[in-house]
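Going by the UniProt record's numbering, the sequence shown opens with residue 1, and the numbers climb by one from there.
This report refers to the structure that appears directly beneath it.
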Amino acid sequence: MATHAHHHHQEPTGDGLADAARATLEGRNEQWTPMRAAIFDALAAEDKPASAYDIADTVSKARGKRVAPNSVYRILDLFVANNIAMRVESANAYIANAHPGCHHDCIFLVCDTCGQVTHIDDDPITGSLRSAAEKAGFVPVRPVIEVRGTCSACH
C-alpha cells in the first residue's frame, strides 16, 4: 500500500470517466454491457450519493421501461468490487469513482446538511486502522471510515 495522502472531490463527469470505468471492468475480464453502461452513466451524473432506487428510476425513465432495483444492486456491487464505484455505507448509496485506477481505502466526509460526500485518501490513517485490526487477530477486508458533519459550503 502506498504511503501518501491526497484528496479527490467527487465530481465525476464526462466520457473520459466512462471510458476509464469500462477499461477497468474489461481489464478484469468483465463485460461492459449496455445496462452496465447506463447504470454507470446515471451514477456518474449524480451530484451526490445515489441509491440503487434512484439509479433504477433514472435508467427506467431513460430506457422507457422499468429497471428493477435488484438488478441495479447487483451491478453496483460489481462496480464496487472492481473499484469503479464506491459505497457510502451510512447513506446506503453509491458514488462513481472518479479515479478507477487508484486503489485506496476510502475516507468519506459526509455532509448532514446537503448530502454531499468528499472522498479523501490517507494511506497512513487507513494503514494504521488495518494494522490495529490485524494485531487484534482480525483480517480486514475493507475499512469503512465515514466522518459525518457539515461541509465548508454549509458551515
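For each residue, glycine too, the CB sits at the ideal point set by N, CA and C.
For this session: Look at ILE38 and ARG66 and say whether their C-beta atoms are less than 8 Å apart.
Result: The question names Ile, but residue 38 in the sequence shown is Ala. No. Outside cutoff.
Exercise. Does the pairing of the stretch 108-115 with the stretch 125-142 give three or more beta-carbon distances under 8 Å?
Worked result: No, because fewer than three Cβ pairs between the stretch 108-115 and the stretch 125-142 fall closer than 8 Å, the two stretches do not touch.
For this session: Go ahead and pull the three-state DSSP assignment for ARG22.
Result: Under the three-state reduction of DSSP, ARG22 is assigned to helix.
Exercise. What residues in its chain sit with their C-beta under 7 Å from that of LEU17, if we drop five residues either side in the sequence?
Worked result: Around LEU17: ALA44, ALA96, ALA98.
Problem set entry | Buried versus exposed, by CB contacts within 10 Å (16 or more), HIS103 | Exposed, because fewer than 16 other Cβ atoms sit within 10 Å of the Cβ of HIS103.
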